[in-house]
Amino acid sequence: MKINPVHPTNVDHFWPLIQGGLKKACDRTGNRITPDYLYSTCVTGEKTYLVATDDSNTPVMGCVVTFETWGSDRVCYINATHGSHMRESMQSLKDWAERHGATSITWDGTEGYKKTFPEATIVSQTYKMEI
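Residue numbering for the sequence shown follows this note's numbering, starting at 758 and increasing by one per position.
(1) Report yes if the CB atom of residue 760 is closer than 7 Å to the CB atom of residue 807, and no otherwise.
(2) Three or more beta-carbon pairs under 8 Å between the segment 771-791 and the segment 833-847, yes or no?
(3) Pull the bridge partners of residue 840 from the DSSP assignment, please.
(4) Determine whether the beta carbon atoms of residue 823 and residue 804 lie at a separation below 7 Å.
(5) So what does residue 834 bridge to, in DSSP terms?
(6) State the CB to CB distance for the pair residue 832 and residue 859, rounded to an integer number of angstroms; the pair is presumed to be in contact (CB under 8 Å).
(7) Residue 804 by DSSP, collapsed to three states: which one?
(8) For the beta strand (DSSP E) containing residue 763, name the first residue and the last one.
(9) Kindly indicate which three-state DSSP category residue 809 falls into: helix, strand or coil?
(10) Thinking C-alpha only, which one of 788, 790, 888, 816 is nearest residue 772?
(11) Grab the span of the alpha helix (DSSP H) containing residue 782 for me, first residue to last.
(12) Any idea what DSSP makes of residue 877, helix, strand or coil?
(13) Note down, in chain order, each residue of its chain lying with its Cβ closer than 6 Å to the Cβ of residue 834, except the 5 sequence neighbours on either side.
(14) In the DSSP assignment, the alpha helix (DSSP H) including residue 857 goes from what residue to what residue?
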């Protein structure tokens, strides 16, 4: 797997690779974020759009990340992700993020991620109460 950052001027070309999947990912956040918001922040360079490709250069995963400071840690925060080969892509993403100074990768997700990434620790959970 190889992680390829998409330059903001090329987002339009590569966005269709994950557009549909990002809608599902955003739905899982309770619509706190939307694909349109992610798109606009990638085009401006505020967030980074990454595409993971396999050995034949076929895109298998796309995600939108930001680097944030949490306490004394530099975190590569995954805003949304979609694709296949998530476990393999994550190792490449970890290597990429480490080269950019991150000490961890963090994301919000469903309990199902614990099955895919048993080594991950739960930092927090989001709750919702209807009023």
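Every residue gets a Cβ at the ideal spot worked out from N, C-alpha and C, and that includes glycine.
According to the structure data:
(1) Yes. Within cutoff.
(2) The segment 771-791 vs the segment 833-847: in contact.
(3) Partner(s): 818.
(4) Yes; because the gap between Cβ atoms is below 7 Å, this pair is in contact.
(5) The partner list for residue 834 (beta bridge, DSSP) reads 823, 863.
(6) Contact flag correct, Cβ pair sits at about 6 Å.
(7) Residue 804 falls in the coil class under three-state DSSP.
(8) Per DSSP, the continuous beta strand (DSSP E) segment holding residue 763 begins and ends at 759-763.
(9) Strand.
(10) Ranking the options by Cα distance to residue 772, first place goes to 816.
(11) Start and end: 776-785.
(12) In the structure shown, residue 877 sits in coil (DSSP, three-state: anything other than H, G, I, E or B).
(13) The residues are 823, 825, 863.
(14) Premise fails: residue 857 is in no alpha helix (DSSP H) and is neither H nor E.
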